[in-house]
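Sequences listed follow chains A and B, in order. Residues in the first sequence are numbered consecutively from 23, following our numbering. Residues in the second sequence are numbered consecutively from 30, following our numbering. C-beta atoms are modelled at their ideal positions from N, C-alpha and C, and glycine is treated no differently.
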Amino acid sequence: MLTLSVLRLLTTDLDAFSQQLDAKMAAAPDFFQNLPVLLELEAVQGQLIDFPALLAALRQRGLMPVGLRAADAAQVEAAAALGLGVLQGGSESRRAAEPRRDKPEPPPAGASMVVRQPVRGGQQVYARGGDLVVLAPVSAGAEILADGHIHVYGSLRGRALAGVQGDRNARIFCQNLDAELVSIAGIYRVSESIDKSARGRPVQLYLDGDALRIEPL
Amino acid sequence: MARIIVVTSGKGGVGKTTTSAAFATGLALAGHKTVVIDFDVGLRNLDLIMGCERRVVYDFVNVINGEANLNQALIKDKRVDNLCILPASQTRDKEALTQEGVGRVLEELAKDFDYIVCDSPAGIERGALMAAYYADDAIVVTNPEVSSVRDSDRIIGILSSKTRRAERGEEPVTVKLLITRYAPGRVQKGEMLSVNDVQEILAIDLLGVIPESKAVLQASNQGQPVILDTASDAGQAYQDAVARYLGEERPHRFLTEKKGFLGRLFGS
Numbered sequence: 023m024l025t026l027s028v029l030r031l032l033t034t035d036l037d038a039f040s041q042q043l044d045a046k047m048a049a050a051p052d053f054f055q056n057l058p059v060l061l062e063l064e065a066v067q068g069q070l071i072d073f074p075a076l077l078a079a080l081r082q083r084g085l086m087p088v089g090l091r092a093a094d095a096a097q098v099e100a101a102a103a104l105g106l107g108v109l110q111g112g113s114e115s116r117r118a119a120e121p122r123r124d125k126p127e128p129p130p131a132g133a134s135m136v137v138r139q140p141v142r143g144g145q146q147v148y149a150r151g152g153d154l155v156v157l158a159p160v161s162a163g164a165e166i167l168a169d170g171h172i173h174v175y176g177s178l179r180g181r182a183l184a185g186v187q188g189d190r191n192a193r194i195f196c197q198n199l200d201a202e203l204v205s206i207a208g209i210y211r212v213s214e215s216i217d218k219s220a221r222g223r224p225v226q227l228y229l230d231g232d233a234l235r236i237e238p239l
Numbered sequence: 030m031a032r033i034i035v036v037t038s039g040k041g042g043v044g045k046t047t048t049s050a051a052f053a054t055g056l057a058l059a060g061h062k063t064v065v066i067d068f069d070v071g072l073r074n075l076d077l078i079m080g081c082e083r084r085v086v087y088d089f090v091n092v093i094n095g096e097a098n099l100n101q102a103l104i105k106d107k108r109v110d111n112l113c114i115l116p117a118s119q120t121r122d123k124e125a126l127t128q129e130g131v132g133r134v135l136e137e138l139a140k141d142f143d144y145i146v147c148d149s150p151a152g153i154e155r156g157a158l159m160a161a162y163y164a165d166d167a168i169v170v171t172n173p174e175v176s177s178v179r180d181s182d183r184i185i186g187i188l189s190s191k192t193r194r195a196e197r198g199e200e201p202v203t204v205k206l207l208i209t210r211y212a213p214g215r216v217q218k219g220e221m222l223s224v225n226d227v228q229e230i231l232a233i234d235l236l237g238v239i240p241e242s243k244a245v246l247q248a249s250n251q252g253q254p255v256i257l258d259t260a261s262d263a264g265q266a267y268q269d270a271v272a273r274y275l276g277e278e279r280p281h282r283f284l285t286e287k288k289g290f291l292g293r294l295f296g297s
């Protein structure tokens with residue numbers, strides 16, 4: 023299975039869109055680097071979109087638009103001319119145009135990343151498409167992300183986000199939990215709401231329904 | 030080939046300039062030709078700590094801009110042989126520090142000196158980045174308190190990614206920790222982080238611990254690097270740190286409080 027980030031276009035006003043996108047990306051610039059995205063146009067069906075400008079705005083920010091979803095006929099035509107594919111789905115399925123552009127390589131299945139150096143405050147490490155193993159401390163103010171599991175064998179003092187593409191089975195394992203924030207598939211807890219009894223010891227974190235559980239190892 | 034040492038911290042007011050002055054003086058006393066450069070353009074301080082503020086004619090920015098040559102700008106220390114100071118400009122700002130210009134000056138200094146000590150400004154902006162960019166070694170000055178430790182952590186991250194060594198994929202900058210303003214009594218009371226706490230968080234080698242000392246302020250006011258005050262605890266601690274940097278093994282001193290007779294009597 024290949025997961026793809028979806029960018030839901032809510033306005034055809036590109037200036038407003040760019041501003042919102044910048045604000046969003048400022049939070050995690052590395053995360054978005056070369057990220058393939060699918061444009062979902064359900065909210066702007068029937069409206070005229072300046073596709074060349076839109077694509078330029080996305081690419082300039084390091085995003086890789088690969089296709090459309092829920093576009094109307096005129097939009098499909100305009101986008102196909104620019105080499106974008108059309109995916110079925112959304113409110114109304116439409117005829118899929120053959121993608122004319124080579125899709126970016128999907129990350130190899132189970133690709134994992136091993137980090138041996140400490141992850142310092144202000145640094146961000148993202149294991150796209152796999153697990154992240156850190157053999158050193160993760161400082162306060164650092165952020166580590168993975169599509170899969172996260173393992174930290176030093177102290178975890180920064181932020182750890184596992185399953186960032188929505189994998190609810192992802193887990194976080196650490197030797198010494200002292201994190202600012204932990205999150206699995208977008209369900210998070212900040213330091214304040216992590217029980218004292220779980221701090222400073224080896225634990226694993228996983229999702230149980232919508233609850234983020236912390237369990238001693 | 031000269032060794033370039035950056036003295037940095039992220040946070041301001043922790044003792045970078047005091048350390049740069051003491052360290053450069055210590056290296057010169059050990060017989061190495063040493064120059065110390067003030068990178069804090071616009072907030073010139075090193076000349077005061079080194080006591081040469083009345084002899085500044087040309088500065089670092091003049092040399093970068095080609096308005097003066099190095100020999101005109103370098104100030105020879107009157108107390109210690111082998112020691113020169115390159116002061117910062119007080120009338121410019123950090124934009125005057127171009128990567129190419131700084132590189133050119135360092136290259137020229139490297140022909141004549143064994144050690145080049147770069148006194149970094151606070152922050153993680155241009156001035157600090159330029160001071161660190163060409164470094165071979167870094168001394169990270171940290172006070173035993175959380176905000177200073179966090180800023181040091183940030184700077185260590187930058188040293189591992191934004192220096193020339195990092196960009197060229199060469200052997201990384203050697204990063205050493207120098208804890209300053211350490212007050213063992215306050216550590217014991219839990220008011221201050223201990224050496225172990227700081228080291229645990231930063232996970233780098235400890236170069237030295239400089240105790241909180243009246244001698245430091247006194248030395249600054251007199252324009253004399255504190256390392257020359259050989260009777261003071263801070264001066265001795267800096268001597269130890271320089272010796273360790275040069276490869277000597279010395280035990281860490283001043284980690285516990287020395288109580289005088291009255292102190293013992295009245296419990297500090």
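Taking C-beta atoms as the reference points, A:Ser27 and A:Leu70 fail to come closer than 8 angstroms.
Closest in alpha carbon position to B:Val271, among B:Phe283, B:Asn250, B:Val245, B:Val238, is B:Val238. A straight-line Cα-Cα distance of about 14 angstroms links B:Gln119 and B:Ile93. Rounded to whole angstroms, the separation of the alpha carbons of B:Met221 and A:Leu167 is 33 angstroms. A:Gly170 and A:Cys196 have their C-alpha atoms spaced approximately 14 angstroms apart. Measuring C-alpha to C-alpha distances from B:Leu188 to each of A:Leu43, A:Gly222, A:Gly143 identifies A:Gly143 as the nearest.
Per DSSP, A:Leu36 is one residue of the alpha helix (DSSP H) stretching across 36-48.
Using a Cβ distance threshold of 8 angstroms, A:Val108 and A:Leu90 count as a contacting pair. For A:Asn198, the enclosing beta strand (DSSP E) stretches over residues 194-199. Going by DSSP, B:Met159 is part of the alpha helix (DSSP H) stretching over 155-162. Between B:Val36 and B:Asp106 the beta-carbon gap is near 17 angstroms, outside 8 angstroms, which marks them as no contact.
Contact annotation, A:Ile194 with A:Ile216: C-beta distance approximately 12 angstroms; criterion of less than 8 angstroms not satisfied. Residues of the segment 136-166 of chain A that bring their beta carbon within less than 9 angstroms of a beta carbon in chain B comprise Gln139, Pro140, Val141, Arg142, Gly143, Gly144, Gln145, Ala158, Pro159, Ser161, Ala162, Gly163, Ala164, in sequence order. DSSP places B:Glu96 in no beta strand (DSSP E); its state is neither H nor E.
Excluding residues up to 5 positions away in sequence, Val169, Ile185, Val204, Lys205, Leu206 lie with their Cβ nearer than 8 angstroms to the Cβ of B:Ile233 in the same chain. Beta-bridge pairing by DSSP links A:Pro87 to A:Val59. Under DSSP, the beta-bridge partners assigned to A:Met135 are A:Leu154. Contact between A:Leu60 and A:Leu77 is ruled out by a C-beta separation of about 13 angstroms, above the 8 angstroms threshold. In this structure the segment 33-47 of chain B does not touch the segment 223-231 of chain A; the number of beta carbon pairs closer than 8 angstroms is below three. Going by C-alpha positions, B:Asp69 is about 28 angstroms away from B:Ala212. Around the CB of A:Gly84, fewer than 16 other CB atoms lie within 10 Å, so the residue is classed as exposed.
Per DSSP, reduced to three states, the secondary structure at B:Ile114 is strand. By the rule that beta-carbons nearer than 8 angstroms mark a contact, B:Gly186 touches chain A. In the structure shown, B:Thr203 adopts extended strand secondary structure according to DSSP, grouped into three states. Contact annotation: in the segment 230-256 of chain B, residues whose CB is within less than 9 angstroms of a CB in chain A are Ile230, Leu231, Ala232, Ile233.
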